Amino acid sequence: MTARLVPYESLNALQRQQVEAIEVHQEQIKFSGDIHGALHTLLSKPGPGVKGFALLVDEIPVAFLLLKRPPVLPAWANEHSATLHALQVDQRSQGKGYGKACLQALPEAARLAFPEIKGLELSVDADNDAAIALYARYGFVDSGEAYKGRIGYERRMGLVF
0 MTARLVPYES LNALQRQQVE AIEVHQEQIK FSGDIHGALH TLLSKPGPGV
50 KGFALLVDEI PVAFLLLKRP PVLPAWANEH SATLHALQVD QRSQGKGYGK
100 ACLQALPEAA RLAFPEIKGL ELSVDADNDA AIALYARYGF VDSGEAYKGR
150 IGYERRMGLV F
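At position 17 of the sequence shown (counting the first as 1) the number is 16 in numbering that gives the first Met the number 0, and the numbers step up by one without a gap.
If you want it as structure tokens, here you go:
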């Protein structure tokens with residue numbers, strides 16, 4: 000098994016269809032959204048500020064995520080960072096370490112996509128202890144700030160390169 004994080008634009012037509020079929024568990028949608036919303040963000044107004052990535056396992060997409068930079072960088076983010084959004088592992092592939100594989104490959108993919116960035120940032124639901132612990136294992140540090148997000152309080156975490 001080989002897993003690699005690749006830019007969405009490098010996917011072939013079949014792989015793009017497979018990305019469209021990614022589904023997360025219903026209870027995860029409030030945190031990550033669904034693949035249709037993520038692809039809409041990526042494809043509705045193409046530009047240099049949003050890049051999509053798929054995790055391919057044996058050339059089949061099993062996960063997807065977005066990175067954002069100005070002019071679509073969230074207000075809470077540092078202008079020298081890219082922000083992580085819509086990390087989704089297909090529910091049929093969860094529990095196999097693919098979320099971890101995404102986070103492990105993310106810094107290099109982000110630097111290739113946006114060479115000017117100094118780090119990565121993300122926002123996570125303050126009550127999502129499992130996600131906070133996962134991000135921390137891959138070097139993300141909690142800023143100590145909580146703010147009101149769309150579904151409750153969120154924590155900001157960052158990874159400096």
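Idealized CB from N, CA, C, for every residue including glycine.
Bear in mind that the values here come from a model prediction, so they are computed numbers and not experimental data.
Check your understanding: Quick one, which of Ala53, Gly46, Ile28, Ala130 has its alpha-carbon nearest Arg15's?
Key -> Ala53
Exercise for review: For my contact list, Ser80 and Gly118 are in at a C-beta cut-off of 8 Å; report their separation, rounded to the angstrom.
Suggested key: 5 Å
Check your understanding: Can you name the residues that DSSP bridges to Glu153?
Key -> Asp124, Tyr146
**Study point:** Element boundaries [beta strand (DSSP E), containing Phe63]
**Key:** Where Phe63 is concerned, the enclosing beta strand (DSSP E) stretches over 59-67.
Practice item. May I have the straight-line CA-CA distance separating Ile59 from Glu144, to the nearest angstrom? Key: 37 Å
Point to revise | Of the listed residues Ala135, Leu4, Glu153, nearest to Leu66 (C-alpha basis) | key: Between Leu66 and the set Ala135, Leu4, Glu153, the nearest pair of CA atoms involves Leu4.
Review point. So, helix, strand or coil for Pro106, using DSSP?
Key: In the structure shown, Pro106 falls within a helical segment according to DSSP collapsed to helix, strand and coil.
**Study point:** Which listed residue (Ile150, Leu38, Ser142) has its alpha carbon closest to that of Leu86
**Key:** Leu38
Review point. Does the Cβ-Cβ distance between Asp124 and Gly98 come in under 9 Å?
Key: In this structure, Asp124 sits away from Gly98, with a CB-CB distance that is not shorter than 9 Å.
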